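If you read the sequence shown in the UniProt record's numbering, its first letter stands for residue 1, the second for the next number, and so on.
Backbone N, C-alpha and C fix where the C-beta goes; we use that ideal spot for every residue, glycine too.
Just so it is clear, the structure is predicted and the values come from calculations on it, not from any experiment.
This report concerns only the one structure given below.
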Amino acid sequence: CCCCNEVGCKPGADGDDSLYPIAVLIDELRNEDVQLRLNSIKKLSTIALALGVERTRTELLPFLTDTIYDEDEVLLALAEQLGNFTMLVGGPEYVHCLLPPLESLATVEETVVRDKAVESLRKISQEHSPVDLEVHFEPLVKRLASGDWFTSRTSACGLFSVCYPRVSSTVKAEIRQHFRTLCSDDTPMVRRAAASKLGEFAKVLELDYVKSDIISLFTALASDEQDSVRLLAVEACVSIATLLPQEDLESLVMPTLRQAAEDKSWRVRYMVADKFSETFVSLQISLCFNCIHSVLTIWLSDLCLLCPVSEQELVSDTNQHVKSALASVIMGLSTILGKDNTIEHLLPLFLAQLKDECPEVRLNIISNLDCVNEVIGIRQLSQSLLPAIVELAEDAKWRVRLAIIEYMPLLAGQLGVEFFDEKLNTLCMAWLIDHVYAIREAATCNLMKLVEKFGAEWAQNTIVPKVLGMANDPNYLHRMTTLFCINALSEACGQDITTKQMLPVVLKMSNDQVANVRFNVAKSLQKIGPVLDSNALQTEVKPVLEKLATDTDMDVKYFAQEAISDANVEQRLVQQAAFIFPADQTCCSLAGSQDRSEQRNTVVSITACNLMNSRIACTNPSQTVSFPNFFQPDLHAPVHSLFSAATQIEFDQTNE
1 CCCCNEVGCK
11 PGADGDDSLY
21 PIAVLIDELR
31 NEDVQLRLNS
41 IKKLSTIALA
51 LGVERTRTEL
61 LPFLTDTIYD
71 EDEVLLALAE
81 QLGNFTMLVG
91 GPEYVHCLLP
101 PLESLATVEE
111 TVVRDKAVES
121 LRKISQEHSP
131 VDLEVHFEPL
141 VKRLASGDWF
151 TSRTSACGLF
161 SVCYPRVSST
171 VKAEIRQHFR
181 TLCSDDTPMV
191 RRAAASKLGE
201 FAKVLELDYV
211 KSDIISLFTA
221 LASDEQDSVR
231 LLAVEACVSI
241 ATLLPQEDLE
251 SLVMPTLRQA
261 AEDKSWRVRY
271 MVADKFSETF
281 VSLQISLCFN
291 CIHSVLTIWL
301 SDLCLLCPVS
311 EQELVSDTNQ
321 HVKSALASVI
331 MGLSTILGKD
341 NTIEHLLPLF
351 LAQLKDECPE
361 VRLNIISNLD
371 CVNEVIGIRQ
381 LSQSLLPAIV
391 ELAEDAKWRV
401 RLAIIEYMPL
411 LAGQLGVEFF
421 DEKLNTLCMA
431 WLIDHVYAIR
441 EAATCNLMKL
451 VEKFGAEWAQ
461 NTIVPKVLGM
471 ANDPNYLHRM
481 TTLFCINALS
491 EACGQDITTK
501 QMLPVVLKMS
511 NDQVANVRFN
521 VAKSLQKIGP
531 VLDSNALQTE
541 VKPVLEKLAT
551 DTDMDVKYFA
561 QEAISDANVE
571 QRLVQQAAFI
581 FPADQTCCSL
591 AGSQDRSEQR
601 NTVVSITACN
611 LMNSRIACTN
621 PSQTVSFPNF
631 FQPDLHAPVH
641 SLFSAATQIE
651 FDQTNE
């Protein structure tokens, strides 16, 4: 076939038959079926291995270079494959042979293909020696940078930083000049690409050139007519700021940053807000708090803070993205500014954002309160922001309420039990009857965490009575919340409180008129079973579950039967059965019997030792014994030891 001949692979009488499969793969490179071409490209390394390094360099790569006219998916796979081809062309000494096809791929119209080609070029650039870098790689960068089509010029922007550190001073000067040219290119797409690589390129430049070249380029790009270019310049500010001495930051960086903070485009201001904390960590904030304060002052227009906080009236702002981004990062400034500056300058902003009409703004502030807490302490935080937090606890947006709930355990633990009972207890209980299920569910989890912090005694005196009181609420959803709370609190409160206070309420609710409540009673009994004592399980839980298992409602019946057969409850009774009979009673088993009535009438006593070791003395050799279920309604004879079905029990022929 023509493709085979082009790369010198002639199967049959004229060539090596062992290369025929490779010839097929090569032939598929020009097949009309895109999928076949794609499969062949993905096996390019196999083709190269079969051809050998010399034929790969002299035949396969030129063939690939000449056929860069294909579907984007195929070209993308090719660009990725070539990045891993160094050893297949003979190692670093010949890696420059990969440049022609990758250069062609770096000029195609499809962005993802160009990006992958640039990624592969950056990868193989590290394999070039300094000499090869100047002889082969740097000329490629120049050709791309001066190409007629913007596609090649955008690709060039990603290659300057990888070759600059290892070339001579003369070549470095040429590279800097090419980058300056691209930063002022007529095409916005090229300027965007240059702006996106500005910070990366700055990191490999000498400090003098950062001051003389990069700062001027940064200023120009930050003033570009296209906001898409300006916002990318702002993003580069973080990298640039880390490179400059502290004394140069205010004069070289801050003027441009102030300009970006008051940019007419909300997208640029958004980028400044998004990079705010990261930028000012780089700026070493102690140098110029006044500069930062001026930037924050500019943002007041976006936050509608046109008068003192106590008298402000927030109005609608269309640029809520700016406010939301600022709210997500501004809390992080407290660790930089310290306690006094945070209290004086940032707390008013936090309070204003807590009252912002945009729910995302409020949510971002609430979610990052721990940053401020670490700096100013919980007391100061509660005095300044707690009133606003309490107000937000009743916010119309349920996601805001949810954020408050999730923060409550941390807040309560740091405020202490007395402060919590005085200020926040009522609030937490109110969430239990919220009209949104997600809030009620989160409030239940919140109570469990509070009990873990403050202890069972606190729960018994404070939380449990209020929770149990909801069992008589006219709203069945609130009655169900009582059950959910009992499920969550039983383990934290312990056996005594659960058995004496919670269980009676659950059992009483089994007579509820609403089926949803009744089947949740069954689920609750299943949940709290491991916490209850043996007497309660056998005399109180079992009869109620058996009654619910005969309920007219199918769901109630189903969940009751689930609770009856639950392994946890069953195992609990197994362990308790060891104490019913004397430990020295003869053990027996009818393991081989298939007679169900015979199994029902079998009494098995287990000593504590045998119970722990799961061993039963028996005359039969090793068998698998299935014991009937204790709660099964059709069992009339008592069975005092249970094991789950197919429990493997070790039998000893010596009848230990």
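To which residues of the same chain is residue i closer than 6 Å at the C-beta, ignoring the five residues directly before and after it?
{"i": "G413", "result": "K453"}
{"i": "L198", "result": "A236"}
{"i": "V253", "result": "A241"}
{"i": "S384", "result": "L347"}
{"i": "A442", "result": "L402, I405"}
{"i": "H478", "result": "I433, M470"}
{"i": "L78", "result": "I41"}
On the criterion of 16 or more Cβ atoms from any shown chain inside 10 Å, does residue i qualify as buried, or is it exposed?
{"i": "V95", "result": "buried"}
{"i": "P139", "result": "exposed"}
{"i": "T86", "result": "buried"}
{"i": "Y270", "result": "buried"}
{"i": "S161", "result": "buried"}
{"i": "A236", "result": "buried"}
{"i": "K172", "result": "buried"}
{"i": "N472", "result": "exposed"}
{"i": "residue 664", "result": "Residue coverage of the chain in this structure runs from 1 to 656, which leaves residue 664 outside it and unanswerable."}
{"i": "residue 662", "result": "No answer is possible for residue 662: it lies beyond the span of the chain, which begins at 1 and ends at 656."}
{"i": "R379", "result": "exposed"}
{"i": "M509", "result": "buried"}
{"i": "T256", "result": "buried"}
{"i": "E103", "result": "buried"}
{"i": "T539", "result": "exposed"}
{"i": "Q81", "result": "buried"}
{"i": "V451", "result": "buried"}
{"i": "D370", "result": "exposed"}
{"i": "T56", "result": "buried"}
{"i": "S169", "result": "exposed"}
{"i": "Q431", "result": "The amino acid at residue 431 is misidentified as Gln; the sequence shows Trp. Counting Cβ neighbours within 10 Å, W431 comes out buried, since at least 16 surround it."}
With distance defined between alpha-carbon atoms, name the residue in the options nearest to residue i.
{"i": "N446", "options": "P465, L424, E457", "result": "L424"}
{"i": "A563", "options": "W431, Q526, K323", "result": "Q526"}
{"i": "A145", "options": "T181, V135, S125, S169", "result": "T181"}
{"i": "G377", "options": "D496, N461, L347", "result": "L347"}
{"i": "A117", "options": "G158, L88, P92", "result": "G158"}
{"i": "T65", "options": "T219, L51, E93, V108", "result": "V108"}
{"i": "A488", "options": "E59, I463, H345", "result": "I463"}
{"i": "E54", "options": "L76, L98, F519, V436", "result": "L98"}
{"i": "H128", "options": "V400, P165, L369", "result": "P165"}
{"i": "R401", "options": "L51, E374, Y437", "result": "Y437"}
{"i": "L205", "options": "Q177, S152, G52, V556", "result": "Q177"}
{"i": "P188", "options": "R153, V556, S212, T170", "result": "R153"}
{"i": "L468", "options": "L363, D185, T482", "result": "T482"}
{"i": "E175", "options": "A156, R192, V190, S184", "result": "The sequence given here places Ile at residue 175; Glu does not occur at that position. Per the Cα distances, A156."}
{"i": "A393", "options": "V417, G416, R440, F63", "result": "R440"}
{"i": "M480", "options": "S382, D213, V521, V556", "result": "V521"}
{"i": "Q320", "options": "V361, S382, F137, I343", "result": "V361"}
{"i": "L244", "options": "K211, V506, P409, A50", "result": "K211"}
{"i": "T151", "options": "H136, A430, V113, I124", "result": "V113"}
Give me, in chain order, the residues of the same chain whose beta-carbon lies closer than 8 Å to that of residue i; leave out the 5 immediate sequence neighbours on both sides.
{"i": "R37", "result": "E28, L29, R30, N31, D70, E71, V74"}
{"i": "Q561", "result": "A549"}
{"i": "Y476", "result": "D512, V514, N516, V517"}
{"i": "M502", "result": "V464, L468, I486, L489, S490, C493, I528"}
Residues in the same chain with beta-carbon distance under 7 Å from residue i, minus the five sequence neighbours each way, listed in chain order, please.
{"i": "T498", "result": "S490, I528, V531, L532"}
{"i": "G12", "result": "In this predicted model, G12 has a pLDDT of only 42, less than 50, meaning its place in the structure is not dependable; the value taken from the coordinates is given anyway. Within the same chain, G12 has no close Cβ partners at all."}
{"i": "V541", "result": "L525, G529, L532"}
{"i": "A222", "result": "R230, A233, V234, T256, Q259, A260"}
{"i": "S367", "result": "A403"}
{"i": "L363", "result": "R399, V400, A403"}
{"i": "K339", "result": "V375, I376"}
{"i": "F417", "result": "It is worth fixing the name first, because residue 417 is Val in this sequence and not Phe. The residues are F454, W458."}
Can you find a CB in chain C that lies within less than 8 Å of the CB of residue i?
{"i": "P62", "result": "Within the model displayed, chain C is absent; a lone protein chain is all it includes."}
Check your understanding: Which runs of the alpha helix (DSSP H) spanning at least 4 residues fall entirely within the segment 345-378, listed in chain order?
Key -> 347-354, 359-367, 369-376
Exercise for review: Could you tell me which uninterrupted alpha helix (DSSP H) segments, each at least 4 residues in length, are contained entirely in the segment 438-515, listed from first to last along the chain?
Suggested key: 464-469, 476-493, 503-508
Practice item. Enumerate, from N- to C-terminal direction, the unbroken alpha helix (DSSP H) stretches of 4 or more residues contained entirely within the segment 78-134. Key: 99-105, 111-125
**Study point:** Whole runs of the alpha helix (DSSP H) within the UniProt repeat "HEAT" (175-213), excluding any shorter than 4 residues
**Key:** 188-196, 198-204
Check your understanding: Which whole runs of the alpha helix (DSSP H) in the UniProt repeat "HEAT" (21-59) are 4 residues long or more, in chain order?
Key -> 34-42, 44-51
Check your understanding: Along the chain, which unbroken stretches of the alpha helix (DSSP H) at least 4 residues long are found entirely within the segment 402-433?
Key -> Secondary structure remark: continuous alpha helix (DSSP H) runs of at least 4 residues inside the segment 402-433, in chain order: 417-423, 425-431.
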